[in-house]
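Undergrad: First the structure, then my questions, so here it is.
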Amino acid sequence: MPLSTQLEAGEEQYVLIASLDNARNLSNILKAIQFKDHATFLSTSNGIKVTVEDSKCLQANAFIQAEIFQEFSIQEDSVMFRVNLAVLLDCLTIFGGSAVPGVTTALKMCYNGYGYPLTLFLEEGGVVTVCKINTQEPEETLDFDFCSTNVINKVILQSDSLREAFSELDMTSEVLQITMSPDKPHFRLSTFGNSGSAHCDYPKDSDMMEVFQCTQTQTNRYKMSLLKPSTKALSLSCKVSIRTDNRGFLSLQYMVRNDDGQICFIEYFCCPDEEVGEQEQ
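Under the numbering used here, the first residue of the sequence shown carries the number 3, and numbering increases by one thereafter.
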């Protein structure tokens, strides 16, 4: 890769090196969690986890496995830093992020360790640009304590069907109500907007339903303002896993296939807005 010549001197000093032949594979994933200015990067030998949070109510995580990178080298057990996500995305798309067939921007991302900037080497058509982005002290990320053993209900849907549902529901509603049940309506999305109530039902034997594991009836409401950022991930994804735990916390896990056919995952955690009494079901 042309970028290798840029790093011959002093490459051993980097605690993290990650290279991609196509920077768009990273920028698309990061755009899907860009609802706040800053993101925390946690790198291990397994890859990179990027976390964005809002008001202790919403958390998004993008998981980029080490295998997706053409080169992935880490010198410590874990490397963690905080960076301005908007600035990073501006740098990743510095060549315009063109979707011209056969034209890609190669990326080499390097980090020297605590206190050093994140350095990006970007190359397209023989032109190399170097960007240095200041890093910050990583803040402790929220632990939503979302444990698989506490999951009450889980469904996996084809993303097309969920995109269709969001286009039919009334997005002027302040909340999205999700009902998951072993009995009918099985899986229901409801909104209560300016034009009245709207419902989308998915029977458990629907063609769009890939997995249906519901052990008890649960109805929870979530602030639409918190869920809207996740629609970016929905638009990229091919499948979505929807899980709720015994507290009503929501996990939306999106499976995203990048330009090279590789799989990444984006997960959103959202706390419930309010409990809905039996009389409202």
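Here a beta-carbon is modelled for each residue, glycine too, at the ideal position from N, C-alpha and C.
What whole-angstrom Cβ distance do GLU73 and SER21 have, given they're in contact under 8 Å?
TA: 4 Å
Undergrad: Cβ of LEU228 within 6 Å of any heavy atom in the ligand ATP?
TA: Questions concerning the ligand ATP fall outside what the structure shown contains, since it holds no ligand whatsoever.
Undergrad: Given that a residue counts as buried once 16 or more other Cβ atoms are within 10 Å of its Cβ, and exposed if not, what is PHE271?
TA: buried
Undergrad: Would a C-beta distance cut-off of 7 Å place LEU144 and GLN36 closer than the cut-off?
TA: No.
Undergrad: Touching or not, the stretch 206-213 and the stretch 222-239, by the rule of three or more beta carbon pairs under 8 Å?
TA: Contact fails: fewer than three Cβ-Cβ distances are below 8 Å.
Undergrad: Whose C-alpha, out of ASP247, SER183, SER243 and MET226, is nearest the C-alpha of TYR256?
TA: SER243
Undergrad: Use the C-beta contact count for ARG259: other C-beta atoms within 10 angstroms, 16 or more gives buried, fewer gives exposed.
TA: It is exposed - the Cβ of ARG259 has fewer than 16 other Cβ atoms within 10 Å.
Undergrad: Check for me: the alpha helix (DSSP H) holding THR233 runs from which residue to which?
TA: 232-238
Undergrad: If you draw a straight line from the alpha carbon of LEU32 to that of ALA64, how long is it in whole angstroms?
TA: 7 Å
Undergrad: Examine the Cβ distances between the stretch 76-85 and the stretch 174-185 and report whether three or more of them are shorter than 8 Å.
TA: no
Undergrad: If we count the other Cβ atoms within 10 Å of its Cβ and call it buried at 16 or more, is VAL278 buried or exposed?
TA: Its pLDDT being 47, under 50, VAL278 is placed unreliably in this model, and the value from its coordinates should be taken loosely. Answer is buried; the Cβ neighbour count reaches 16.
Undergrad: Would you list the one or two residues that DSSP bridges to ASN86?
TA: HIS40
Undergrad: Thinking ARG84 and GLU141 are a contact (beta carbons under 8 Å), I'd like their distance in whole angstroms, please.
TA: 6 Å
Undergrad: So, with DSSP's three-state summary, where would you put ALA25?
TA: coil
Undergrad: Should GLU125 be labelled buried (16 or more other beta-carbon atoms within 10 Å of its own) or exposed?
TA: Buried: at least 16 other Cβ atoms inside 10 Å.
Undergrad: Look up LEU164 in the DSSP assignment and say whether it is helix, strand or coil.
TA: helix
Undergrad: On the criterion of 16 or more Cβ atoms from any shown chain inside 10 Å, does GLU170 qualify as buried, or is it exposed?
TA: Label assigned to GLU170: exposed.
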